Structure formats: structure tokens, C-alpha cells
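Numbering (our numbering), first residue to last: 33 to 149. The beta carbon of each residue, even a glycine, is placed where N, CA and C say it ideally should be. Everything numeric in this text was worked out from a predicted model, so none of it was measured. Below: the structure, in C-alpha cells.
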């Protein structure tokens with residue numbers, strides 16, 4: 033009877049030890065799984081933040097493109113206006129030069145007329 037009792041205790045102790053090892057193994061597995069889930073959540077959060085940042089940057093770039101296009105359009109209008117104004121001024125200078133030449137051509141004739149008169 034005593035030997036059976038010892039054998040049962042030994043078997044019970046072995047089972048208890050095996051059960052503790054199994055619990056430890058399961059606990060470690062659960063901890064690894066919790067860590068993996070935490071890492072996955074962090075990665076998802078990081079991905080979400082990066083996606084939001086990318087969208088924000090795209091929006092900013094679109095706004096800058098619109099602003100740059102407005103600036104380009106404004107500068108092109110200024111170029112057209114200044115080119116037109118420059119042409120008008122060149123035409124005015126040309127007319128003024130023609131008037132000066134006409135006056136100079138008439139000026140020598142005027143003294144001759146008064147001399148013959």
C-alpha cells in the first residue's frame with residue numbers, strides 16, 4: 033500500500049510538474065500573442081498616421097499648385113500688358129522721331145523763303 037501511495041504521489045507530482053510547464057508554456061504563448069497584437073496595433077496606427085500625413089501633403093501640394101498657377105497666370109498677363117505698353121511706347125517714339133524729322137526738313141526751307149521774300 034505504501035509503495036502504491038508513493039507511486040501515486042510520484043505520478044501526481046509528475047502530473048503537477050507537467051501541468052505547471054504547460055501553464056507556463058501557454059502563458060508565454062499568450063504573452064507572445066499579446067505582444068504581437070500590440071505590435072500589430074502600433075503598426076496599424078503608424079500606417080493610419082502616415083496615410084493621413086500623405087493625404088495632408090497631397091492637399092498642401094494641390095493648394096500650392098493652384099497658387100503657383102495663379103502666379104504664373106498673373107505674370108503672363110503682366111508680360112502681355114507690358115509687351116503691349118512697350119509696343120505703344122515704341123510707336124510713340126517712332127511718331128515723335130518722324131515729327132522731329134518733318135520739322136527739321138521744314139526748318140531749312142523756312143529761312144530760304146524768308147531770304148527770298
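The C-alpha of residue 57 lies about 10 Å from the C-alpha of residue 63.
Rounded to whole angstroms, the gap between the alpha carbons of residue 41 and residue 51 is 15 Å. Collapsing the DSSP output to three states places residue 125 in a helix.
Assignment of residue 135 by DSSP, reduced to helix, strand and coil, places it in the helix class.
When rounded, the separation of the alpha-carbon atoms in residue 136 and residue 98 is 56 Å.
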